[in-house]
Each structure stands twice: as C-alpha cells, then as structure tokens.
Amino acid sequence: MAATSVKKDRTSTWNIVGDDRTWTLDQRAKIDAEPAIVVAAGNDRNRLLINGDIDATGTDGIAIHDSASATRIVIARTADIRAVTGIHSQGDDMAVVNKGAINAASLGIRTENGFSLTNSGVIHATTAVQAGGESVIRNASAGEIRGEAIGVELSAGDSKLINSGLITGETLAIRDGDANSHIINRGHIEGDVALGGGNDIFDGRRGALQGSVEGGSGNDTYYVRGDMTIVENFDGGNDAVISTVSFTLPDNVEDLVLKGKADINGSGNNSSNQIFGNAGANELIGMAGDDDLRGGAGDDALRGGAGSDEFMIFPGEGVDTINDFGNGEDHIGIYNFGFSDVNDLTIKQGAETGGNVWIELGNGQRIIIEWIDKSVLDNSDFYFI
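In this text, residue positions in the sequence shown follow our numbering: the first is 71, and each later residue adds one.
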C-alpha cells in the first residue's frame, strides 16, 4: 500500500486522491483549513493516520469530509481536532478509531450511512456522534463522548452501541431512531436515554445510568441488575424487563422475567402481565390486570391480584403456593404432565395439608392452594395442555 505524509504545517485543503493508500498527518504538522481533509467519492479504501492537529473552526469548518467507500481513519492520542464538524461522512463503510480529541462546535462525527467507531479518546460537541445508518459504536473504558445537547444519536439502521466509558448529554445522552438498536452499558451514562420506534434492547446490568430510559413504540427489552427508571407510554408496544434482582414493573411494561438462582421477587402493574420466576424461591404478584404467573424452578408463592389470572405449572418446578385463587375467575394451567381432566389429579385437603388444597403432580412436585375448599374445583378451573 503506497504512503503519503504531511510533515509540515499547511493552510490549504489536503485532497486525498487515489485508492488503497495510507495518508499520514505527522505529529509535528498541523492543517489549518476549511475543510482540512477531503476524501472525494471514487477514492476508495484509503487509510488516514491523524497524528497531528487540525483546525477548521470557521463558519462551516469540517475537519475531515469523506464521500468515498471504506475509508479508515485513525486519530492518535497526540491529535487535537478542532472544528465546527469533526468528521462528516457521506460515504459507505467508514471506520473510525479515535484515541485523541475531537472538539466540535456542532457535530463531532456525523455520518449519512452506517459506520463503525471505536473511541478511547474524547469526542465533545453539541451532538457528539450522529450515526445515519446501521452502525457499531464502541466506547472503551477510557473513552468520553460528551454532548452539549446529545451524546450519541442513532438516527437510522439497526445499530449496536457498547459503552464501557462515559456518555453524557444535557438534553439526551442517547437518542435512538426507529430501527432495532442494541445498547449495552458497562460504563457510565449521564443523561436520559430515548429509544425509538423499533424493537430495542437496553442492557444496563453492568453499568450505571444517571437518568431514565424511555421506550418508543416498539417491543423493547430491558436487562437490569438494580434500580432503573423506565418510562413507557400506554401504546408503546409489548415490553419486557429481564432482571437478576427483585423488581416491580413500571407502568405500561407488560412482561417480567427473573433470571439466576437468587431468592428474589417480582411484581406487575395495572396492565395484563406475564411474570416468570427463576431457579430460586420467588414471590410473584400480578397486581391488577389479567396476568400469567409461572414460578419456574424452586418453591414459589404466586399471587395474581385483581383480574382473571393464570397460574402456569410445568414439570420439574418444585412446590408452588397460590395465595389468592379466585374460583370462577382464575385458572391453573397444567402443562406437559399428560393430564386431561380434573379427575386425573390427586387432590388432598385435611389435617395433613394444614387445611389447604394440595394437588400432587408426582416426583415431589405439588400445587398448594390456600383459602379454598377442594369441592369447588372442577374442569372450569384448569387448563390441561
């Protein structure tokens, strides 16, 4: 691969002409021009090594303007880019590795199409990163993406954002578009996160969020390991929380899945919820709405609350206690046991059962129903599947 270098300061635009070449701005050199570097369409698969400084701070100053295909830009720790827009790409398949500093009055990095970014330096702008297509953004542990308004904007395309460093935004730390985005936070996010209209995933189990996550109109999934403020609208799709700690669903989130082996609890809301326990001993509470509760492995306590609820029982799931079975309203779902009728069940009530109803399912598995007489139970109270 042929190589070209700028080793002295220059005050005119550096035009990148040719394919498959390496272009280096030396650490001792500075470009003071608007735009400073241009990669025009048709000059493809070039590699830019930015070791020196760029100043493009005039009215319409762009430090690097890329319209080509497969441009690779590496910004070294020694580089300081100051501009109105740090990098503007209208090309395809651009990749940026930033170890230095990009300070921009308007946009740090803006792309019309998808790109990849690995950042271990600083990107600071009104909108720090604006990705226009399907993109992969990795903010390393030393990386800082700071937006005076917005930290990262995923405006289009199914994108993935992995944050191990710091992302901040005065208006929004992260703003998502209408595609299906996957956001993983292992670092710190300071500011709110607004998911868009797609089926998005926000995984905050290993990071810290100082703000809230607002879901859009799609079916969103939230992974949590502690307190997280989740905001969903009434018509915001069918959403789920997957948690390794006790959790109560916020308004307008429909499903809760507990993970792990810890003895933790889960509660629903006024919507119709599906709540699934983990391998530990769980207390699951449906609250209002027509809820489906499944304890999972372990000895679980199930309380449906108001509404017409289903208590779902599968083989190998321990001893489950139903605290508030509403005869004529609630149902017990017996799945994959081979039963087809209430007369197939072994139902006990007496001194041995402490006055409760026991339904023996074999292999030590049992359903305990409190506050009911076994004589009222018939096929209308069960689903046999």
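For every residue, glycine included, the Cβ atom is placed at its ideal position computed from N, Cα and C.
Below 7 Å, is the gap between the Cβ of residue i and the nearest heavy atom of the ligand MN?
i      : result
Arg180 : Judged by which ligands are present, the structure shown has none, so any question about the ligand MN falls away.
Taking 8 Å as the cut-off, decide whether the C-beta atoms of residue i and residue j are in contact.
i      : j      : result
Ile392 : Glu440 : yes
Leu187 : Gly156 : no
Ser229 : Ala249 : yes
Gly286 : Gly306 : yes
Gly288 : Gly267 : yes
Ala103 : Ser75  : no
His194 : Arg180 : no
Asn269 : Asp290 : yes
Gly235 : Asn255 : no
Ile132 : Val167 : no
Asp136 : Asp114 : no
Asp362 : Glu387 : no
Asp451 : Ile383 : no
Val389 : Ile438 : yes
Ala171 : Phe185 : no
Phe395 : Ile442 : yes
Val294 : Gly274 : yes
Measure how close the beta-carbons of residue i and residue j come, nearest whole angstrom, since I'm counting them as under 8 Å.
i      : j      : result
Asn116 : Arg91  : 5 Å
Glu324 : Asn308 : 5 Å
Gly221 : Ile207 : So it is not a contact: roughly 11 Å between Cβ atoms.
Ala349 : Gly366 : 6 Å
Ala175 : Thr196 : 7 Å
Gly330 : Asn343 : Between Asn343 and Gly330 the Cβ distance is about 20 Å, and since that is not below 8 Å, they are no contact.
Asp319 : Asn339 : Per the sequence shown, residue 319 should be read as Leu rather than Asp. Sure, about 5 Å apart at Cβ, within 8 Å.
Leu242 : Ala264 : 5 Å
Between residue i and residue j, what straight-line distance do the alpha-carbon atoms span, to the nearest angstrom?
i      : j      : result
Ala358 : Ala219 : 39 Å
Tyr292 : Tyr453 : 31 Å
Thr299 : Ile145 : 36 Å
Ser313 : Asp369 : 19 Å
Ala110 : Asn85  : 8 Å
Asn173 : Ala72  : 30 Å
Gly247 : Ala149 : 31 Å
Leu95  : Asn189 : 19 Å
Val427 : Ser251 : 48 Å
Ser337 : Asn397 : 22 Å
Asn413 : Ser378 : 23 Å
Ile151 : Glu223 : 21 Å
Ala106 : Asp321 : 50 Å
Ile334 : Val199 : 39 Å
Ile134 : Leu231 : 23 Å
Ser316 : Val446 : 34 Å
Asn352 : Ile124 : 59 Å
Ile417 : Lys444 : 7 Å
Ile237 : Ile143 : 21 Å
Ser282 : Leu415 : 48 Å
Ser139 : Met164 : 7 Å
Ile259 : Ile404 : 44 Å
Asn183 : Asn433 : 58 Å
Gln97  : Ala310 : 50 Å
Gly203 : Leu118 : 22 Å
Ser341 : Gln160 : 45 Å
Assign residue i to one of two classes, buried (16 or more other C-beta atoms within 10 Å of its C-beta) or exposed (fewer than that).
i      : result
Gln280 : exposed
Arg147 : exposed
Asp162 : buried
Phe272 : buried
Ile253 : buried
Gly296 : exposed
Glu399 : exposed
Phe346 : buried
Lys169 : buried
Pro385 : exposed
Thr129 : exposed
Arg373 : buried
Arg436 : buried
Ser410 : exposed
Arg216 : buried
Lys100 : buried
Asn449 : exposed
Phe112 : Looking at the sequence provided, one finds Gly at residue 112 rather than Phe. Burial call: exposed.
Asp262 : buried
Asn121 : buried
Ser87  : The amino acid occupying residue 87 in the given sequence is Val; Ser does not appear at that position. When all chains shown are included, Val87 counts as exposed.
Asn233 : buried
Gly375 : buried
Gly425 : exposed
Gly213 : buried
Gly191 : buried
Consider the Cβ of residue i: report whether some Cβ of chain C lies at a distance smaller than 8 Å.
i      : result
Gly217 : The structure shown contains no chain C, having only a single protein chain.
Unbroken stretches of the beta strand (DSSP E), 3 residues or longer, contained in the stretch 71-150:
72-76, 84-86, 91-95, 100-102, 107-109, 117-120, 123-126, 132-136 and 142-145
Beta strand (DSSP E) runs contained entirely in the stretch 227-311, provided each spans 3 or more residues
230-233, 236-239, 242-246, 252-255, 258-260, 271-273, 278-280, 282-284, 291-294 and 299-301
Length-filtered (3 minimum) beta strand (DSSP E) runs lying within the stretch 365-405
List check, beta strand (DSSP E) in window: 370-373, 380-383, 389-392 and 401-404.
Whole beta strand (DSSP E) elements within the stretch 155-205, 3-residue minimum
164-168, 171-181, 185-189 and 192-201
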